[in-house]
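Engineer: Okay, here's the structure, questions in a sec.
In my numbering, the protein residues as written are 2 to 418.
The following block contains the structure:
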């Protein structure tokens, strides 16, 4: 009856016989163990009796335990000063923050001063202080405040074909691993540095946001807003491109029609200072702007640049060429400025942002032009974001018959990469 129950559950049993021949001095006994084959595959095989030796079972148990242990150990480990130990994957380490990925809490951003020790289960890119290149290293804890760096030597591994070589004392060592070096953990400036941190390559990021409404029925109307941003960064320069388009139409006619294309190139000097060149072209027929072109140069300062907060200021001289649809055209020099700030919140990883450009007419100091966008972005899945945004355009001296302020509230869906 017990055997029939075993067949119904699909478990294959191994029956071990201790006989006087294989275990002298012991009586003949019988015990049953669940076979790993039945647990893994659940094949529903009928119960059967298999005679095996005790040595074979012991060897299989050791191999299985080792495999399970290796699977659980395959992770990076972070030890904090309060004694906590976290397992997961080190994504990035900067002088201020450790970005650590876990299966139970996603990405964690841990202040670096909270980190006591680091350990990796495979090589990561390491950039040390006063080093001009990244190195592929495996990290293991050493004395308090120290870490052992073991370099990877892929060229040796390729030459040796990935086989082990014998050392003079008779031990073996992998040819793909070099001798370890113990250094202060504080000397490890970056782990998996970005191109702008290591000076190797270029990093890109961008986003697209769409918002719209289509009304059909007793009334008819269409509203479309789209904007996009693309930024590239190297160690000593960066550029940013942006574009936006807004169209609105009711039953009879178009009520809103404007667009803007802008860009800037920044060349970093010593420290956080940079020189820039920027330009923009815009059109807004309902503000009597056929085209307004601005080209300028100046100096800027990156006040804050962390994974959480970014703040930059710039100021310089711009040349403005304004072409009106009905009014008089204008060309004048202007004092130009720009503010760009973003801050990531702990709640939902939401990001607050504000982007502003301004122009102060040096020929007519009463004429001031300002355009800005301010809002909140909330990521929710696979790069998709929800955006609440206020676009504000203001002119101290608008065209005759026009108001000086245009404010637009937007709720849109975006994609960031």
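Quick reminder that beta carbons are idealized off the backbone N, C-alpha and C, glycines included.
As the structure is a prediction and not an experimental result, all values here were calculated from the model.
Drop a sphere of 10 angstroms on the beta-carbon of residue 85, count the other beta-carbons inside from all chains shown, and report buried for 16 or more, exposed for fewer.
Structural biologist: In the chain shown, residue 85 corresponds to position 84, counting from 1. Its Cβ having fewer than 16 others within 10 Å, residue 85 is exposed.
Engineer: From residue 249 to residue 219, what distance separates their C-alpha atoms?
Structural biologist: Locating residue 249 in the chain shown gives position 248, where the first residue counts as 1. Locating residue 219 in the chain shown gives position 218, where the first residue counts as 1. Computed Cα separation, rounded: 18 Å.
Engineer: To the nearest angstrom, how far is the alpha carbon of residue 318 from that of residue 332?
Structural biologist: On the chain shown, residue 318 is found 317 positions in, with the first residue counted as 1. On the chain shown, residue 332 is found 331 positions in, with the first residue counted as 1. Using only the alpha carbons, I get a separation of about 14 Å.
Engineer: Where in the region 256 to 338 do unbroken runs of the beta strand (DSSP E), each at least 3 residues long, occur, reported from the N-terminal end onward?
Structural biologist: List check, beta strand (DSSP E) in window: 274 to 285, 290 to 306, 310 to 324.
Engineer: Alpha carbon to alpha carbon, how far is residue 365 from residue 409? Give it in angstroms, no decimals.
Structural biologist: Counted from its first residue, the chain shown places residue 409 at position 408. Counted from its first residue, the chain shown places residue 365 at position 364. If you take the alpha carbons of residue 409 and residue 365, they lie about 28 Å apart.
Engineer: If we count the other Cβ atoms within 10 Å of its Cβ and call it buried at 16 or more, is residue 277 buried or exposed?
Structural biologist: The residue labelled residue 277 in the question sits at position 276 within the chain shown. Per the 10 Å Cβ criterion, buried.
Engineer: In the structure shown, what three-state DSSP assignment does residue 186 receive?
Structural biologist: Reading the chain shown from its first residue, position 185 is the one you call residue 186. Residue 186: helix per DSSP, three-state reduction.
Engineer: Relative to the alpha-carbon of residue 79, which residue among 105, 115, 104 has its alpha-carbon at the smallest distance?
Structural biologist: One-based indexing of the chain shown puts residue 79 at position 78. Residue 79 has its Cα closest to that of 115, out of 105, 115, 104.
Engineer: Use the C-beta contact count for residue 112: other C-beta atoms within 10 angstroms, 16 or more gives buried, fewer gives exposed.
Structural biologist: Position 111 of the chain shown, counting from 1, holds the residue named residue 112. It is exposed - the Cβ of residue 112 has fewer than 16 other Cβ atoms within 10 Å.
Engineer: Per DSSP, residue 369 forms a beta bridge with which residues?
Structural biologist: Indexing the chain shown from 1 puts residue 369 at position 368. For residue 369, which the question treats as bridged, DSSP gives the partners 361.
Engineer: Nearest CA to the CA of residue 141: which residue from 135, 186, 129, 105?
Structural biologist: Locating residue 141 in the chain shown gives position 140, where the first residue counts as 1. Answer by Cα proximity: 186.
Engineer: By Cβ distance below 7 Å, which residues in the same chain neighbour residue 117 in space, the five residues on each side in sequence not counted?
Structural biologist: For the purposes of this step, residue 117 is identified with residue 116 of the chain shown, where counting begins at 1. Once the five neighbours on either side are set aside, the close Cβ partners of residue 117 are 80, 81, 82.
Engineer: Classify residue 99 as buried or exposed, calling it buried when 16 or more other Cβ atoms lie within 10 Å of its own Cβ.
Structural biologist: Taking the first residue of the chain shown as position 1, residue 99 is located at position 98. Under this definition residue 99 is a buried residue.
Engineer: What is the residue span of the beta strand (DSSP E) that residue 243 lies within?
Structural biologist: Counting from one through the chain shown, the residue named residue 243 turns up at place 242. First-last of the beta strand (DSSP E) with residue 243: 238 to 250.
Engineer: Between the Cα of residue 329 and the Cα atoms of 204, 266, 401, 228, which residue gives the shortest distance?
Structural biologist: Sequence index remark: in the chain shown, residue 329 carries index 328 (1-based). Answer by Cα proximity: 401.
Engineer: Below 8 Å, how does it come out for the region 307 to 324 and the region 290 to 298: are there three or more Cβ pairs, yes or no?
Structural biologist: Yes, the region 307 to 324 is in contact with the region 290 to 298.
Engineer: Would you mind stating whether residue 388 and residue 343 have Cβ atoms separated by less than 9 Å?
Structural biologist: To locate residue 388, count along the chain shown from 1; it is residue 387. To locate residue 343, count along the chain shown from 1; it is residue 342. Their beta carbons are not under 9 Å apart, which means residue 388 does not touch residue 343 by this criterion.
Engineer: In the DSSP assignment, the alpha helix (DSSP H) including residue 197 goes from what residue to what residue?
Structural biologist: What you label residue 197 is simply residue 196 of the chain shown in a count that begins at 1. 196 to 199 is the span of the alpha helix (DSSP H), which, as asked, contains residue 197.
Engineer: Taking only three categories from DSSP, how would you classify residue 374?
Structural biologist: To locate residue 374, count along the chain shown from 1; it is residue 373. Reduced to three states, the DSSP call for residue 374 is strand.
Engineer: In the DSSP output, what is residue 101 paired with across the bridge?
Structural biologist: Along the chain shown, read from residue 1 onward, the residue named residue 101 stands at position 100. Its beta-bridge partners are 91, 109.
Engineer: In the DSSP assignment, what are the bridge partners of residue 415?
Structural biologist: As a first step, residue 415 must be located in the chain shown, where it is residue number 414. The partner list for residue 415 (beta bridge, DSSP) reads 210, 386.
Engineer: Alpha carbons only, please: which of 235, 131, 287, 184 is nearest the one belonging to residue 269?
Structural biologist: Counted from its first residue, the chain shown places residue 269 at position 268. Looking at the Cα atoms, 235 is the closest of the given residues.
Engineer: What residue range is occupied by the uninterrupted beta strand (DSSP E) comprising residue 230?
Structural biologist: For the purposes of this step, residue 230 is taken as the residue at position 229 of the chain shown. Taken as a continuous stretch (DSSP letters only), the beta strand (DSSP E) holding residue 230 covers 222 to 234.
Engineer: Could you tell me if residue 412 is buried or exposed, where buried requires 16 or more neighbouring beta carbons within 10 angstroms of its beta carbon?
Structural biologist: Counting from one through the chain shown, the residue named residue 412 turns up at place 411. By the 10 Å Cβ count, residue 412 comes out exposed.
Engineer: Tell me which same chain residues have a C-beta within less than 6 Å of the C-beta of residue 399, skipping the five on either side of it?
Structural biologist: Here residue 399 corresponds to residue number 398 of the chain shown, with the count starting at 1. Cβ neighbours of residue 399 beyond the five flanking positions: 405.
Engineer: Rounding to the nearest angstrom, what Cα-Cα distance links residue 71 and residue 132 in this structure?
Structural biologist: Taking the first residue of the chain shown as position 1, residue 71 is located at position 70. Taking the first residue of the chain shown as position 1, residue 132 is located at position 131. Residue confidence for residue 71 is low, a pLDDT of 45 falling below 50, so the modelled location carries little weight; the figure read from the coordinates is stated next. Each residue's Cα considered, the two are about 34 Å apart.
Engineer: For residue 128, which option in 251, 121, 199, 284 has the closest C-alpha, if you only look at C-alpha atoms?
Structural biologist: Residue 128 sits at position 127 when you count from the first residue of the chain shown. For the residues 251, 121, 199, 284, the minimum Cα distance to residue 128 belongs to 199.
Engineer: Where does the unbroken beta strand (DSSP E) through residue 117 begin, and where does it stop?
Structural biologist: Along the chain shown, read from residue 1 onward, the residue named residue 117 stands at position 116. 116 to 120 is the span of the beta strand (DSSP E), which, as asked, contains residue 117.
Engineer: Can you name, in chain order, every residue of its own chain whose Cβ lies under 8 Å from the Cβ of residue 363, other than the five neighbours on each side?
Structural biologist: Taking the first residue of the chain shown as position 1, residue 363 is located at position 362. Hits under 8 Å: 333, 334, 335, 336.
Engineer: List the DSSP bridge partners of residue 404.
Structural biologist: In the chain shown, counting from the first residue as 1, residue 404 sits at position 403. Bridge partners of residue 404: none, in fact.
Engineer: Whose C-beta lies closer than 7 Å to the C-beta of residue 361 among residues of the same chain, with five residues either side of it excluded?
Structural biologist: Counting from 1 along the chain shown, the entry for residue 361 is found at position 360. Cβ neighbours of residue 361 beyond the five flanking positions: 335, 336, 369.
Engineer: Do you know how far the Cα of residue 180 is from the Cα of residue 382?
Structural biologist: Translated into the one-based positions of the chain shown, residue 382 becomes position 381. Translated into the one-based positions of the chain shown, residue 180 becomes position 179. Distance between the alpha carbons of residue 382 and residue 180: 43 Å.
Engineer: In angstroms, rounded to a whole number, what distance separates the CA positions of residue 172 and residue 416?
Structural biologist: If you number the chain shown from 1, residue 172 lands on position 171. If you number the chain shown from 1, residue 416 lands on position 415. Bear in mind that the predicted position of residue 172 carries a pLDDT of just 39, short of 50, making it too unreliable to give a figure here.
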